[in-house]
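J.: Structure below; questions to follow.
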Amino acid sequence: METIIRSYISEAIDALYMKSIDSEQVQVQETRREFEGDFTVIVFPLTRYSSRSPEVTGDEIGKYLVSARPEIISYNVIKGFLNLVISPGIWTNMFREMAGNVNFGTRTVSGDSPTVVIEYSSPNTNKPLHLGHIRNNLLGFSLCRIAEANGLKVVKTNIVNDRGIHICKSMVAWLKYGNGETPSSSGLKGDHLVGKYYVLFEKEFRNERERLISEGVDPESVVEVAPLMREAREMLRRWEAGDSETVSIWKMMNEWVYEGFDETYSRLGVSFDKIYYESDTYLRGREIVREALSEGLVYSESDGSVWADLSDDGLDRKILLRADGTAVYITQDLGTAVIRHEEYQFDRSVYVVGNEQNYHFQVLKALLARLGYPWASELYHFSYGMVELPEGKMKSREGKVVDADQLIDEMIATAETMSEELGKLDAIEESRRREIYRKIGLAALKYFILKVDPKKNMTFNPEESVDFNGNTGPFIQYTFARIMSVLRRADGIGYRDGSQSLSEQFVPNGKELSIIKAVRRFSHIIASASDEMNPSLIANYVYDLAKEFNQFYHDFSILNESEPERRFFRIELSRLVSGVIGKGMWLLGIEMPERM
RNA sequence: GGUUCCGUAGCUCAGCUGGAUAGAGCAACAGCCUUCUAAGCUGUGGGUCGGGGGUUCGAAUCCCUCCGGAAUCACCA
18 METIIRSYIS EAIDALYMKS IDSEQVQVQE TRREFEGDFT VIVFPLTRYS
68 SRSPEVTGDE IGKYLVSARP EIISYNVIKG FLNLVISPGI WTNMFREMAG
118 NVNFGTRTVS GDSPTVVIEY SSPNTNKPLH LGHIRNNLLG FSLCRIAEAN
168 GLKVVKTNIV NDRGIHICKS MVAWLKYGNG ETPSSSGLKG DHLVGKYYVL
218 FEKEFRNERE RLISEGVDPE SVVEVAPLMR EAREMLRRWE AGDSETVSIW
268 KMMNEWVYEG FDETYSRLGV SFDKIYYESD TYLRGREIVR EALSEGLVYS
318 ESDGSVWADL SDDGLDRKIL LRADGTAVYI TQDLGTAVIR HEEYQFDRSV
368 YVVGNEQNYH FQVLKALLAR LGYPWASELY HFSYGMVELP EGKMKSREGK
418 VVDADQLIDE MIATAETMSE ELGKLDAIEE SRRREIYRKI GLAALKYFIL
468 KVDPKKNMTF NPEESVDFNG NTGPFIQYTF ARIMSVLRRA DGIGYRDGSQ
518 SLSEQFVPNG KELSIIKAVR RFSHIIASAS DEMNPSLIAN YVYDLAKEFN
568 QFYHDFSILN ESEPERRFFR IELSRLVSGV IGKGMWLLGI EMPERM
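In my numbering, each residue's number is its place in the first sequence (first place is 1) plus 17.
Here you go:
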C-alpha cells in the first residue's frame, strides 16, 4: 500500500508541478494514532518541487489525490504532514487476503534457496550450561527459524569444545578427589558432575597457590610450578599424545556431559542438524596451517611456532600453532570453517558468539581470506551482548553463575504456583497441567531474553527479572489462550472457516481497523528481523499485537455481537490474530498453550 | 593507551534507513469481573533522551568532542 501511495504522490507532483520525482524518494508512513488518517505523507521534502509552503503543498496534493484516486476518500494537513484516509474497502480486502493465506508473512524454502549455516551454543564440556548459554541458544535457534521463514535453507550446527586444558582440570580433580563418582552412583546430572570437579579444581588450586606464595614462591611463576596445574598440563600432553588411559577417561566424562547437555537442550527446545567436535576439527586446522606454511602464506618463528601477520588488514600478528606443534583456539576454527564449507557449500555462515570475541572473528575472517578461501567474506559474526547479574559478571570459575537447569526448574515452578493461585486449570488432568506450566515458565524466560536487542548487554535479576504480567511471554500466551477459547466456542456453535464471506460494504470499526493494520505489519517485521538478524523485533511486535487485541477483546464482544456479518468478521479476525501470534512466537521458539 | 560497543522514567527495556506532543512494562496510586479466561482493561504521577557543540525545515536517531560504563588487544577457549 505504501508503494502505491508513493507512486500516486509522484503522479501528483507530475500533474501539479510538472516535475518528476522518483517515487522511492517519497516518505510515507502509517499515520500516528493521535491523528486522523491511515497513511501520512511527509510534505517537507516535496516543497522543493512545489515551491510553496508545506501546508499549501500538502493541501494541493491532498485535493488532487481525493479527486483522482477513488480509494483515497479524504485528507487533512497538519503542519507539514499530509494524512490520507483510505477507503474501508481496501482494508477489508486486505483482511480477506491475509486471512485466506496460510503462509501469510513467510516465504517457503525451495531447491535453489541460498544455504546459510548457523552455528550456535558452542559449549565447553567442563561445566554445565548457564544463563549466558541460554541467551546464545535462544538467539541462535530463533535466528534459524527466522531465516527459514524467509526462505533460506538453514543448517543448524553446534561446535563442541571438547578438548583443552579446562577439561583436563575436571579430569584431574575427578581422579584425585572423585572416588569413582559417576552420574548413576551419585544421581547427579552428568554435566553438573563434571562441572563440580572443575570448580573443585579451581578451588584447590587457589588454596595451593596461596600456600605456595606464603611459602615464598614467586607469585609470577606460581602457575608454572603448582603441582595441580602441572598435573593438568601433563594430562593435556598425554591426551594430545593419544595416551589410551587418558583418552578413555576423557571419553567417559565427555559422554556424561553430553547426556546432560542433551537434556538441557531438549528442555530449552533447541536442536541441531549437525554437531562438530573440536577434537576432530583441530586436526584439519593443523593441516591447513602446515600447508599454508609450506606455501609461505604464514611464517614460523625460531622456536618453531607458526604465525600469521595480519598487519595489512589492520590487525596484529596471530599465533596459529605453538612451538610444540599443538593447536590453539583459532586453529580449530579454521578447520571447522573449511570442513563446513566443503560439506554444505554455504552462501553464508553465521556464528552466534558473544561480543567478547569480536576480535577473534575479525582475525578468523582475515585469516581465511589470507589463506585463499573466497567464501571468507560470507562469514558473519552474530555478536550478542553479555548477560550480567545485578552484582556484575558471572564467574564460572568460582561457580557464581545462574545455572540453566536450575533456572528452568524455577521458572516452571513459579508458573505452577501462579497457575494454582489463579485456579483456572483445576479441572484439567495432571499431566496436561504440567505441560501447561512448562510452556508458561519457559515462555517467561525465553521472551524475557529475546525481547532485548541482541547486541546489547542485559541485566538479569533472578529474583525479580522474570515476571508473568505486562510485557512478558505469559501475557502473550494468555492472549492466545483467550482467542483459542473463543474459537472453540465458535466452532461449538457451528462457525467454520469460510462459511461466510464479507460483503464489499463491510466497514471495520476503529479498533478492528487498528488490528488489521497491526497484522499487516507482520510480513515487514519478519523480513526486517531476518535482514537485521534480530529476533527482538518479532518479540516486540507480537507484544504490540497482543496488547492491541486485548483492548479489542475488552471493549467489544465477539460471540455476542448481534450483527451476524460483524460477528463472523470478529471471529475470523481473532483467528487471524491467533495465527500471527502463534507464528511469531514459533519464530522465537516459544510454545503456546491452548488454555491457561 | 589502541579498537569496538553501550548510556532513554526509580528499575527492565522499545523507539526502523532523521519526522508530528519520546513510548511500553515493572514498581506507586485510583478505578473496572451477573456478560467470550481480570496472567486482562482504563486512568494518574514520573524524562534537561549522559554533557556540550555541529549538520537542517526538523535530531533520542547522523557528525565531532568530552564524561561514564563494558568488551577486547593471550602460546585460555
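Built from N, CA and C at the ideal position, the CB exists for glycine as well.
All values reported here derive from a predicted model rather than from experimental measurement.
1. Nearest to Gly277 by CA position, among Lys206, Leu253, Asn224, is which residue?
2. Of the choices Tyr316, Arg301, Phe492, whose alpha-carbon is the least far from that of Ala344?
3. Can you check whether the CB of Thr263 is closer than 8 Å to the CB of Asp422?
4. Assess, as a yes-or-no matter, whether the region 115-131 is touched by the region 529-549 under the definition of 3 or more beta carbon pairs within less than 8 Å.
5. Would you report the Cα separation of Asp297 and Leu396, rounded to the nearest angstrom?
6. So, helix, strand or coil for Val94, using DSSP?
7. Going by alpha carbons, who is nearest to Leu101 out of Ser130, Lys36, Asp31, Ile22?
8. Assess contact between the region 42-58 and the region 100-116, defined as three or more Cβ pairs (one per stretch) separated by less than 8 Å. Is contact present?
9. For Ile336 and Leu381, which I take to be in contact (beta-carbon distance under 8 Å), what is that distance rounded to the nearest angstrom?
10. For Leu205, does the three-state DSSP call read helix, strand or coil?
11. Compare the Cα-Cα distances from Asp420 to each of Lys468, Asp364, Ile453, Phe477 and report the closest residue.
12. Just how far apart, CA to CA, sit Ile26 and Thr74?
13. Would you tell me roughly how many angstroms separate the C-alpha atoms of Asn143 and Arg250, rounded to the nearest one?
14. At what residue ranges does the region 246-315 contain a whole run of the alpha helix (DSSP H), taking only runs of 4 or more?
15. Mind listing, in chain order, the continuous beta strand (DSSP E) runs of no fewer than 3 residues lying wholly within the region 103-165?
16. Is it buried or exposed, Asn110, if we count other Cβ atoms within 10 angstroms and call 16 or more buried?
17. State the CB to CB distance for the pair Ala18 and Val536, rounded to an integer number of angstroms; the pair is presumed to be in contact (CB under 8 Å).
18. Leu160 and Pro552 - do their beta-carbons sit closer together than 8 Å?
19. To which residues of the same chain is Thr496 closer than 7 Å at the C-beta, ignoring the five residues directly before and after it?
20. Am I right that Leu192 and Phe222 are in contact with their C-beta atoms under 8 Å? What's the rounded C-beta distance?
21. In the structure shown, what three-state DSSP assignment does Val73 receive?
22. Give the straight-line distance between the Cα atoms of Asn154 and Ile429, rounded to the nearest whole angstrom.
23. Check Lys412 in the structure and name its three-state DSSP category.
24. Classify Ala325 as buried or exposed, calling it buried when 16 or more other Cβ atoms lie within 10 Å of its own Cβ.
25. Do you know offhand how far Gly615's Cα is from Leu253's?
26. Give every residue of the same chain whose Cβ lies closer than 8 Å to the Cβ of Pro131, excluding the five residues on either side of it in the sequence, and list them in chain order.
27. By Cβ distance, which residues of its chain are closer than 8 Å to Ile90, with the 5 residues on each side in sequence left out?
28. Let me confirm a value: Gln46 is counted as buried when at least 16 other C-beta atoms fall within 10 Å, else exposed. Which label applies?
29. Work out the CA separation of Gly487 and Arg499 for me, nearest whole Å.
30. By how many angstroms is the C-alpha of Glu241 removed from the C-alpha of Gly321?
31. Across which residues does DSSP place Glu47 in a beta bridge pair?
32. Measure the C-alpha to C-alpha separation of Tyr560 and Ser67 and round it to an integer number of angstroms.
T.: According to the structure data:
1. Looking from the CA of Gly277, the closest CA among Lys206, Leu253, Asn224 belongs to Lys206.
2. Its Cα nearest to that of Ala344, the residue Arg301 stands out among Tyr316, Arg301, Phe492.
3. Thr263 is positioned such that its CB atom lies no closer than 8 Å to that of Asp422.
4. Touching, per the Cβ criterion.
5. The straight-line gap from Cα to Cα measures roughly 21 Å.
6. Judged by DSSP in its simplified three-state form, Val94 adopts strand.
7. Comparing C-alpha distances from Leu101 to each of Ser130, Lys36, Asp31, Ile22 shows the shortest one belongs to Ile22.
8. Remark: three or more beta-carbon pairs, one from each stretch, lie closer than 8 Å, so the region 42-58 and the region 100-116 are flagged as touching.
9. The C-beta distance from Ile336 to Leu381 rounds to 13 Å, too long to fall under 8 Å, and the pair is not in contact.
10. Reduced to three states, the DSSP call for Leu205 is coil.
11. Ranked by how close their Cα comes to the Cα of Asp420, the residues Lys468, Asp364, Ile453, Phe477 have Phe477 in first place.
12. Their Cα atoms are separated by approximately 11 Å.
13. Asn143 and Arg250 have their C-alpha atoms roughly 15 Å apart.
14. Taking only runs of at least 4 residues, the alpha helix (DSSP H) segments lying wholly in the region 246-315 are 261-285, 295-311.
15. Fully enclosed beta strand (DSSP E) runs of 3 or longer: 132-136.
16. Per the 10 Å Cβ criterion, exposed.
17. First, the amino acid is wrong: residue 18 is Met here, not Ala. Met18 to Val536, Cβ: 13 Å. No contact.
18. In this structure, Pro552 lies near Leu160, with their beta-carbon atoms less than 8 Å apart.
19. Within the same chain, Thr496 has close Cβ partners Ala563, Phe566, Asn567, Ile598.
20. Rounded, the Cβ-Cβ distance is 15 Å, inconsistent with contact.
21. Under the three-state reduction of DSSP output, Val73 falls in the helix class.
22. Distance between the alpha carbons of Asn154 and Ile429 is about 19 Å.
23. Of the three classes helix, strand and coil, the one that applies to Lys412 here is strand, per DSSP.
24. The residue is buried, with at least 16 neighbouring Cβ atoms inside 10 Å.
25. The structure shown does not extend to residue 615, since the chain is modelled only from 18 through 613, so no value can be given for it.
26. For Pro131, where only same-chain residues beyond five positions count, the Cβ hits under 8 Å are Leu169, Lys170, Asp364, Arg365.
27. Here the set comprises Val83, Val102, Ile103, Ser104.
28. With a 10 Å radius around the Cβ and a threshold of 16 neighbouring Cβ atoms, Gln46 comes out exposed.
29. Rounded to the nearest angstrom, the two C-alpha atoms are 16 Å apart.
30. About 21 Å.
31. According to DSSP, Glu47 bridges with Phe56.
32. Roughly 41 Å separates the two Cα atoms.
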